[in-house]
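> Residue numbers (our numbering): 29 to 267. The C-beta atom is built at its ideal place from N, Cα and C for all residues, glycine as well. Here the structure is a predicted model, which is why all the values come from computation and not from measurement.
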């Protein structure tokens, strides 16, 4: 008759994985998933023009949005040149971030300046991030701008920028702006009209390109003067 084994302790169940470890992994997974999502969207947006986060916010709150997506070839060259001349004269020279300009405008008291933002950085802010001024958002703009400069290239970046920029309450994109303010297509804008639209970009709610103040006319005149000498600085966005 077999004798019972002595001195053997029944094997215990393996210890449960600590909750803290699962929590850490979940927390670490969030930024990884966010990066993956942004990369996928960037690839999709090579072909499909995205809405801006401001547009999404207006849709969610049932506010009207006016936009008509157009190709870069259907936008007056003067408007493209005006954006380069006023917003980012080194657009064709940098890789999404103008490091010299970024460091030169760091202001500890007032926060990041608009002057530090390239067209690429403004585009990723409009498409992927939130409005307002903060160091966190500015820090996120930098890697996003470096990424989309490679994924989209200069022409596509400018095309998206001109289709998501806000030119008034609920007015997004160059085509909607041209039709709202001047009653014509974006491809038919004159140099003066293009300069006025560019001059309103920093504050489209307080500046009216149809009835410009003297200060706005002066600013538009300066932009138009820069457009005349922009030359090769806008070569990368030409057909």
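#1: Got a sec, what are the start and stop residues for the alpha helix (DSSP H) residue 155 sits in?
#2: Residue range of the alpha helix (DSSP H) that residue 105 falls in?
#3: With H, G and I counted as helix, E and B as strand and the rest as coil, what does DSSP make of residue 296?
#4: Flag this pair as yes or no: are the beta carbons of residue 192 and residue 80 separated by less than 8 Å?
#5: If we ignore side chains and look at the alpha-carbon of each, how far apart do residue 89 and residue 131 end up?
#6: So what does residue 188 bridge to, in DSSP terms?
#7: Check residue 96 in the structure and name its three-state DSSP category.
#8: Mark residue 112 as exposed unless 16 or more other C-beta atoms lie within 10 angstroms of its C-beta, in which case mark it buried.
#9: Over the uninterrupted alpha helix (DSSP H) stretch that includes residue 220, give me the two end residues.
#10: For residue 202 versus residue 65, is the C-beta spacing smaller than 8 Å?
#11: I need the straight-line Cα distance from residue 57 to residue 243, nearest angstrom please.
#12: Measure the Cβ-Cβ separation of residue 74 and residue 147 and say whether it is below 8 Å.
#13: What are the boundary residues of the alpha helix (DSSP H) that residue 195 is part of?
#14: In this structure, does DSSP put residue 200 in helix, strand or coil?
#15: Run through DSSP, which three-state label would residue 59 get?
#16: Assign residue 95 to buried or exposed, taking buried as 16 or more other Cβ atoms, counted over all protein chains shown, within 10 Å of its Cβ.
#17: Measuring CB to CB, does residue 110 end up less than 8 Å from residue 222?
#18: Tell me the rounded alpha-carbon separation between residue 196 and residue 214.
In terms of the structure at hand:
#1: Against the chain shown, residue 155 aligns to sequence position 127. Here the alpha helix (DSSP H) through residue 155 covers 147-156.
#2: Taking the chain shown and counting its residues from 1, one reaches residue 105 at position 77. It spans 105-115 - the alpha helix (DSSP H) in which residue 105 sits, taken as one unbroken run.
#3: No information on residue 296 is available, as it lies outside the stretch 29 to 267 that the chain covers here.
#4: Start at 1 with the first residue of the chain shown, and residue 192 comes out as number 164. Start at 1 with the first residue of the chain shown, and residue 80 comes out as number 52. Yes, these two residues count as a Cβ contact at 8 Å.
#5: Position 61 of the chain shown, counted from the first residue, corresponds to residue 89. Position 103 of the chain shown, counted from the first residue, corresponds to residue 131. Each residue's Cα considered, the two are about 37 Å apart.
#6: The count along the chain shown starts at 1 and reaches residue 188 at position 160. DSSP, once it has assigned bridges, lists no residue as partnering residue 188.
#7: Reading the chain shown from its first residue, position 68 is the one you call residue 96. DSSP places residue 96 in coil when its eight states are reduced to three.
#8: Position 84 of the chain shown, counted from the start, is the residue given in the question as residue 112. Residue 112 should be labelled buried.
#9: Taking the first residue of the chain shown as 1, we reach residue 220 at position 192. That run of the alpha helix (DSSP H) goes 219-228.
#10: Against the chain shown, residue 202 aligns to sequence position 174. Against the chain shown, residue 65 aligns to sequence position 37. Their beta carbons are not under 8 Å apart, which means residue 202 does not touch residue 65 by this criterion.
#11: Here residue 57 is taken as the residue at index 29 of the chain shown, counted from 1. Here residue 243 is taken as the residue at index 215 of the chain shown, counted from 1. Distance between the alpha carbons of residue 57 and residue 243: 51 Å.
#12: The count along the chain shown starts at 1 and reaches residue 74 at position 46. The count along the chain shown starts at 1 and reaches residue 147 at position 119. Remark: C-beta atoms of residue 74 and residue 147 do not approach each other more closely than 8 Å.
#13: Translated into positions along the chain shown, residue 195 becomes position 167. Residue 195 -> no alpha helix (DSSP H), and no H or E assigned at all.
#14: Indexing the chain shown from 1 puts residue 200 at position 172. Correct three-state label for residue 200: strand.
#15: On the chain shown, residue 59 is found 31 positions in, with the first residue counted as 1. In the structure shown, residue 59 sits in a helix (DSSP, three-state: H, G or I).
#16: Walking along the chain shown from the start, residue 95 turns up at place 67. Counting every other CB atom within 10 Å of its CB across the protein chains shown gives residue 95 a total of 16 or more, marking it as buried.
#17: Numbered from its first residue, the chain shown carries residue 110 at position 82. Numbered from its first residue, the chain shown carries residue 222 at position 194. Taking 8 Å as the Cβ cut-off, residue 110 and residue 222 qualify as a contacting pair.
#18: For the purposes of this step, residue 196 is identified with residue 168 of the chain shown, where counting begins at 1. For the purposes of this step, residue 214 is identified with residue 186 of the chain shown, where counting begins at 1. Cα to Cα, residue 196 sits roughly 15 Å from residue 214.
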